[in-house]
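Here's the structure, in structure tokens; my notes come after.
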Amino acid sequence: MSEARYIRVWDVLVRSVHWSLAALIVVELLNEAGANPWHRYLGYLAAALVLVRLVWGCGDRGHASLAAMAATARRTPSYFTLASSPSIGHTPPGALMALALWMLVLLVAATGWMQGLDAFWGEEWLQQIHEVLAYTLAAFAVVHIAAAIVTSRAQRANLIKSMITGNKPA
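Per the working numbering: the sequence shown = residues 16 to 185.
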């Protein structure tokens with residue numbers, strides 16, 4: 016019986032930030048902002064996690080580096096052809112999705128923070144932008160989960176498990 020070989024793809028920090036962000040987004044979306052005094056602080060924590068991940072991605076040399084993600088994202092058009100090769104780290108659309116999700120988290124946090132400033136206090140338009148961004152983030156997260164499931168089946172590799180263990184089959 017041959018032993019399965021694995022490649023370490025995601026380090027502890029990447030996985031911790033990923034699952035912490037996922038949990039924070041779910042908690043934030045399930046609780047109404049006005050009913051939860053922690054809403055603001057959890058939003059700041061989500062933004063801080065994204066910033067930590069971005070800084071980590073600048074220094075990382077592996078599959079989670081921003082340079083690797085940018086190079087992968089540029090291959091998105093060819094990914095949808097029959098000639099595309101499997102990805103060890105993010106798939107090309109997966110890299111774009113990660114970048115979009117991080118941007119949305121930062122925009123939701125920024126618009127939430129702005130609502131507490133005197134200059135924007137009580138401004139309905141800013142609250143509406145904040146809500147639209149939050150629901151867009153939720154929609155992108157659902158697409159992200161669905162894509163991970165579909166890609167896992169297509170590649171016969173459990174991508175969700177790899178984000179838990181950090182390993183992907185070789």
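Note that CB positions come from ideal geometry on N, CA and C, so glycine has one too.
Quiz item: Which of the three DSSP states, helix, strand or coil, is assigned to R23?
Solution: Three-state result, R23: strand.
Quiz prompt | Distance between P184 and R20 (C-alpha atoms, nearest Å) | solution = Those two C-alpha atoms are separated by around 6 Å.
Quiz item: Quick one: what's got a C-beta closer than 8 Å to L69's C-beta in the same chain, skipping five residues either side?
Solution: These residues qualify, in order along the chain: L81, W117.
Practice problem: Spell out a yes or no on whether the segment 60–68 and the segment 118–126 are touching, meaning 3 or more CB-CB pairs, one atom from each, closer than 8 Å. | Solution: Contact between the segment 60–68 and the segment 118–126 is present, because at least three Cβ pairs lie under 8 Å.
Quiz item: DSSP three-state call for P107: helix, strand or coil?
Solution: Residue state, collapsed to three classes: helix.
Quiz item: In whole angstroms, what separates the C-alpha of N182 from that of Q130?
Solution: A straight line joining the alpha-carbon of N182 with that of Q130 spans about 41 Å.
Quiz item: Which whole-angstrom value describes the C-beta separation of G109 and A162, a residue pair presumed to lie in contact below a C-beta threshold of 8 Å?
Solution: Indeed they touch by this definition, with Cβ atoms about 7 Å apart.
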